[in-house]
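Some notes on the structure that comes next.
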Amino acid sequence: MHSRLACVARAAELINSQHCGSLAGLLASDAATTLTQEVRTLQMARRKVSTLFLDIEGGFDNVNPAALCGMMKAKGVKPYIVSWTKSFLSGRKCRLLYQGSPRVFAPVSVETPQGSPVSPLLFVIYVSRLHCEIPPGIMLFYIDDFGLTASSALYRRNVQILQKQYCWLKAKGAALGVSFSVPKTEQIHGRTNRDKGPISNAPVHMDG
Numbered sequence: 014m015h016s017r018l019a020c021v022a023r024a025a026e027l028i029n030s031q032h033c034g035s036l037a038g039l040l041a042s043d044a045a046t047t048l049t050q051e052v053r054t055l056q057m058a059r060r061k062v063s064t065l066f067l068d069i070e071g072g073f074d075n076v077n078p079a080a081l082c083g084m085m086k087a088k089g090v091k092p093y094i095v096s097w098t099k100s101f102l103s104g105r106k107c108r109l110l111y112q113g114s115p116r117v118f119a120p121v122s123v124e125t126p127q128g129s130p131v132s133p134l135l136f137v138i139y140v141s142r143l144h145c146e147i148p149p150g151i152m153l154f155y156i157d158d159f160g161l162t163a164s165s166a167l168y169r170r171n172v173q174i175l176q177k178q179y180c181w182l183k184a185k186g187a188a189l190g191v192s193f194s195v196p197k198t199e200q201i202h203g204r205t206n207r208d209k210g211p212i213s214n215a216p217v218h219m220d221g
């Protein structure tokens, strides 16, 4: 079902072209290589380059099944696949097996269960709406990890661009019921041997 859903999602453009992970032929190494190439290309044009790495907080637990199925219907996905997805995300139960446990099934209030090969793909489809263009720069995804890369003549200007993009993502994510983990956020300024000036210490403000 994962293979079938991946083909359908690509054909229906439910997956953004900048998204890696949970798909055959698109690995973490592909995201890293793409980012490295983009940074070097921008640096060759004598631009300052900065990247903000974001992580969706509790991503898998925040997928709204009704909204996800609505997205799939709107893109013309066949009804039986939408119905299968709805069934997969509904009425889940689990039981704990240890010495002395009751060994009875109990309802689980999670949206996409971790451990299934289908769950990351469904999550990738769900957050595909969070993609935005960053000219000149790039936005890369790896399942629930986002990399926003901006470039300009000054690092301080990059920080301002990344701040604006984060605010846009935060608002867009709120509409989907997802938020970003502040403690897991990292900001990196790319530098070359010819960069002599100081790096701006201007922070990206996230939830205070």
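Taken in order, the sequence shown gives residues 14 to 221; the numbers are from the numbering used here. Just so it is clear, CB atoms sit at the ideal spot from N, CA and C, and this is done for glycine as well.
Looking only at its chain, what residues have a beta carbon closer than 7 Å to the beta carbon of Pro120, apart from the 5 residues adjacent to it on each side?
Cβ neighbours of Pro120 beyond the five flanking positions: Lys106.
Locate the alpha helix (DSSP H) running through His15, then write down its first and last residues.
His15 to Ala24
For Ile174, which residues from the same chain have a beta carbon less than 6 Å from its beta carbon, with the 5 sequence-adjacent residues on both sides left out?
Shown here for Ile174: same chain residues with a beta carbon closer than 6 Å to its own, the five before and five after excluded, namely Ala163 in chain order.
Taking buried to mean at least 16 other C-beta atoms within 10 Å of its own C-beta, is Cys33 buried or exposed?
buried
When DSSP labels each residue in this structure, what does Leu110 get in the three-state scheme?
Of the three classes helix, strand and coil, the one that applies to Leu110 here is coil, per DSSP.
Helix or strand or just coil, what does DSSP make of Asp74?
Here Asp74 sits in helix by DSSP.
Would you kindly work out how many angstroms separate the C-alpha atoms of Pro92 and Thr98, rounded to a whole number?
10 Å
Between which residues of its own chain and Trp181 is the CB-CB distance below 8 Å, once the five residues before and five after are set aside?
Cys145
By Cβ distance below 7 Å, which residues in the same chain neighbour Ala44 in space, the five residues on each side in sequence not counted?
Cys33, Leu153 and Tyr155
When the Cα of Pro149 is compared with those of Ala58, Cys20, Ala25 and Pro216, which residue comes out closest?
Ala58
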